[in-house]
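Position in the sequence shown counted from 1, then plus 316, gives you this note's numbering. The beta-carbon is built from N, C-alpha and C at its ideal position, and this holds for glycine as well. Working notes, structure below.
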Amino acid sequence: MSIRDIFKTATRALRINKGRTALTMLGIVIGIMSIILVMSIGQGAQNLILAQIQGLGSKTIVVRPGRPATGPTDVTTLFADSLKERDLVAMKEKSNVPTLASVMPMVFGADNATYGNTKYQVTIFGGTDLATKIFDIEVVEGRHITSDDVASAADVVIIGSKVQEKLFGIDSALGKKIRIKDKSLRVIGILPTKGQVSFFNFDEAVLLPYTTAQNYIFGIKYFNELIVQADSDSSVNQTVHDIQITLRNLHNISDPSKDDFFIETQADLAQRVSTITNVLTYFLTMVAAISLLVGGIGIMNIMLVSVTERTREIGLRKAIGAKNNDILTQFLIESVILTCLGGAIGIFFGIMLSFLGAIIIGYLLGQAWPLGISFFAILLGFSVSAFIGMVFGIYPARRASRLNPIEALRYE
Numbered sequence: 317m318s319i320r321d322i323f324k325t326a327t328r329a330l331r332i333n334k335g336r337t338a339l340t341m342l343g344i345v346i347g348i349m350s351i352i353l354v355m356s357i358g359q360g361a362q363n364l365i366l367a368q369i370q371g372l373g374s375k376t377i378v379v380r381p382g383r384p385a386t387g388p389t390d391v392t393t394l395f396a397d398s399l400k401e402r403d404l405v406a407m408k409e410k411s412n413v414p415t416l417a418s419v420m421p422m423v424f425g426a427d428n429a430t431y432g433n434t435k436y437q438v439t440i441f442g443g444t445d446l447a448t449k450i451f452d453i454e455v456v457e458g459r460h461i462t463s464d465d466v467a468s469a470a471d472v473v474i475i476g477s478k479v480q481e482k483l484f485g486i487d488s489a490l491g492k493k494i495r496i497k498d499k500s501l502r503v504i505g506i507l508p509t510k511g512q513v514s515f516f517n518f519d520e521a522v523l524l525p526y527t528t529a530q531n532y533i534f535g536i537k538y539f540n541e542l543i544v545q546a547d548s549d550s551s552v553n554q555t556v557h558d559i560q561i562t563l564r565n566l567h568n569i570s571d572p573s574k575d576d577f578f579i580e581t582q583a584d585l586a587q588r589v590s591t592i593t594n595v596l597t598y599f600l601t602m603v604a605a606i607s608l609l610v611g612g613i614g615i616m617n618i619m620l621v622s623v624t625e626r627t628r629e630i631g632l633r634k635a636i637g638a639k640n641n642d643i644l645t646q647f648l649i650e651s652v653i654l655t656c657l658g659g660a661i662g663i664f665f666g667i668m669l670s671f672l673g674a675i676i677i678g679y680l681l682g683q684a685w686p687l688g689i690s691f692f693a694i695l696l697g698f699s700v701s702a703f704i705g706m707v708f709g710i711y712p713a714r715r716a717s718r719l720n721p722i723e724a725l726r727y728e
């Protein structure tokens with residue numbers, strides 16, 4: 317028999333038992349759909365996080381106190397107060413870090429902001445006049461923090477759009493005073509609706525001079541971060557090296573393993589995030605693939621049942637000249653058609669659910685969720701479907717091809 321005739325025979329057999337065919341494909345549909353959905357969500361999460369990281373720019377370097385966590389028992393807060401004013405002054409010296417373009421100390425935390433009888437919990441950022449440039453934020457009303465505000469620890473504050481809405485409603489907050497802890501702060505600026513900027517939601521935040529935040533809000537003498545800008549992309553590594561040498565000299569550290577600070581570049585963060593999200597995505601994909609294994613076993617069982625039910629048909633075909641290879645090919649084609657068709661349906665529903673999931677997650681997060689469907693995921697879906705059809709279809713097909721035609725014709 318020609319391959320064309322065998323293919324027609326296989327498809328006719330599947331059409332005759334439409335209900336059984338549909339139920340057999342269900343496991344493959346669910347498995348492929350799950351893989352597409354998981355990979356899409358994982359890629360979307362990675363794209364969103366990387367976009368947040370890249371929001372600070374490739375020349376940005378973040379210096380943090382303490383040590384990065386290397387395990388669940390690692391004490392990362394042991395040196396949480398290791399970055400202080402003297403470190404800031406030393407880093408600004410051109411002789412120490414020649415390629416440093418700017419550096420901004422940051423302190424942050426959370427507390428209630430109060431206006432009249434209204435309270436609203438806000439994120440508090442203490443920075444300098446460089447915050448507008450580093451975070452790319454502009455005020456819609458009023459002015460930004462100045463270097464004079466920082467030097468005098470002025471009682472001024474810039475508020476986010478959500479803070480304006482919750483505390484003042486439709487009235488302008490400009491020139492009015494809010495209280496955070498026991499400090500009265502005059503509103504000098506209002507930020508537009510901005511959302512997430514490098515993991516910070518400025519809509520629900522207030523920005524004030526870091527000196528004011530240190531002295532009157534948090535009562536500390538150290539920094540939570542130092543955000544550094546190198547003078548060019550090519551000088552980032554040199555800037556990191558110079559900062560390390562400067563801080564080690566100040567802190568009397570000769571062994572790098574004893575550092576009481578750590579430095580991250582945007583490239584470091586992006587690589588770390590990519591590794592973490594990829595591992596999680598692949599793990600969840602493997603979990604979802606279990607349903608494909610179950611679906612493959614189901615196909616093998618159904619094909620074995622089909623061989624039993626069609627024993628007389630197989631015997632008749634072999635009696636009129638069909639060869640073992642013809643029978644083997646027919647049942648193998650039936651299995652591959654089942655899995656490939658199930659894979660195509662699974663891919664379709666996986667893409668549709670990915671679109672729907674992106675809309676729902678974006679709505680819940682209050683920002684656009686990037687759709688992460690890749691050609692690799694679709695190709696993987698088709699490949700896995702065909703592979704499962706071949707693997708789990710071989711045994712039933714071989715069993716059918718080896719039936720003795722005389723005994724098959726006698727089968728009741």
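Point to revise | When Gly666, Asp403, Leu501, Ser550 are compared against Leu687, the one with the closest alpha-carbon | key: Gly666
Check your understanding: Which residue's Cα is closest to the Cα of Asn553: Gln582, Val405, Asp452?
Key -> Gln582
Review point. Where do the ends of the beta strand (DSSP E) carrying Asn428 lie?
Key: 416–431
Review point. Below 8 Å between beta carbons: does that hold for Asn540 and Met422?
Key: yes
Exercise for review: Mind checking who Thr581 pairs with in its DSSP beta bridge?
Suggested key: Ile377
Review point. Can the beta-carbon of Gly308 be found less than 8 Å from the beta-carbon of Ser356?
Key: Residue 308 lies beyond the stretch modelled for the chain, which goes from 317 to 728, so this question has no answer here.
Check your understanding: Between which two residues does the beta strand (DSSP E) carrying Pro525 extend?
Key -> 521–525
Review point. Sorted by chain position, which residues of the same chain lie with C-beta nearer than 7 Å to Val354's C-beta, five sequence neighbours on each side aside?
Key: Thr597, Leu600, Thr601, Ala604
Practice item. Could you spell out where the beta strand (DSSP E) holding Gly505 opens and where it closes? Key: 499–506
Check your understanding: Touch check for the region 563–583 and the region 424–433: three-plus C-beta pairs under 8 Å?
Key -> no
Point to revise | Supposed contact pair Ile559 and Thr376 - C-beta distance, whole angstroms, cut 8 Å | key: 13 Å between Cβ atoms; not a contact.
Point to revise | Presumed contact (8 Å Cβ cut-off) between Leu657 and Met341, rounded CB distance | key: 6 Å
**Study point:** 6 Å CB neighbourhood of Ser699 in its chain, flanking five on each side removed
**Key:** none
Check your understanding: Per DSSP, what kind of secondary structure is Thr325 in: helix, strand or coil?
Key -> helix
Check your understanding: For Ala470, which residues does DSSP report across the bridge?
Key -> Paired residues: none, contrary to the question.
Check your understanding: Rounded C-beta distance between Val431 and Phe484? I'm assuming under 8 Å.
Key -> Correcting the residue identity first, residue 431 is Tyr in this sequence and not Val. Right, their Cβ atoms sit about 7 Å apart.
Review point. At which residues does the beta strand (DSSP E) containing Lys435 begin and terminate?
Key: 434–443
Check your understanding: Near Ser463, what residues of its chain come up, given a Cβ to Cβ distance below 6 Å and the 5 sequence neighbours on each side ignored?
Key -> Asp445
Review point. Taking the alpha-carbon positions, what's the Ile319 to Leu644 distance?
Key: 12 Å
Point to revise | Inter-residue Cα distance where the pair is Val742 and Val556 | key: As shown, the chain starts at 317 and ends at 728. That puts residue 742 outside it, with no answer to give.
Check your understanding: Over what stretch of residues does the beta strand (DSSP E) that includes Lys639 continue unbroken?
Key -> No beta strand (DSSP E) holds Lys639; DSSP gives it neither H nor E.
Review point. If you compare alpha carbons, which of Thr527, Ile475, Ile536 is closest to Pro508?
Key: Ile475
Check your understanding: Under 8 Å, do Ala417 and Asp547 count as touching if we go by C-beta distance?
Key -> yes
Check your understanding: For Lys410, which three-state DSSP category applies?
Key -> coil
**Study point:** the region 326–336 in contact with the region 636–656 per 3-pair CB rule at 8 Å
**Key:** yes
Check your understanding: Between Phe500 and the rest of its own chain, which residues show a CB-CB distance below 8 Å, the 5 nearest in sequence each way excluded?
Key -> Residue identity check: residue 500 is Ser in the sequence provided, not Phe. Asp471, Lys493, Ile494, listed in sequence order.
Review point. Whole-angstrom Cβ separation of Val522 and Val473, contact assumed at under 8 Å?
Key: 5 Å
Exercise for review: Report the three-state DSSP secondary structure of Leu687 (helix, strand or coil).
Suggested key: coil
Check your understanding: Under the three-state reduction of DSSP, which class applies to Val391: helix, strand or coil?
Key -> Confidence at Val391 is low in this model, with a pLDDT of 48, below 50, so its placement is unreliable and the value that follows should be read with caution. In the structure shown, Val391 sits in coil (DSSP, three-state: anything other than H, G, I, E or B).
Point to revise | Rounded straight-line distance, which links the Cα of Arg633 to that of Thr593 | key: 54 Å
**Study point:** DSSP-derived helix/strand/coil call for Lys482
**Key:** helix
**Study point:** Cβ of Asn531 within 8 Å of any chain D Cβ
**Key:** Among the chains of the structure shown, chain D does not appear; only one protein chain is present.
Point to revise | DSSP state of Gly476 mapped onto helix, strand, coil | key: coil
**Study point:** Cβ neighbour criterion (16 or more within 10 Å) applied to Tyr526
**Key:** buried
Practice item. Evaluate Ile561 with the Cβ neighbour count: other Cβ atoms within 10 Å of its Cβ, from every protein chain shown; 16 or more gives buried, anything less gives exposed. Key: exposed
Review point. Going by DSSP, what residues sit across from Leu546 in a beta bridge?
Key: First, the residue type needs correcting, since residue 546 is Ala and not Leu in the sequence shown. Answer is Leu416, bridged to Ala546.
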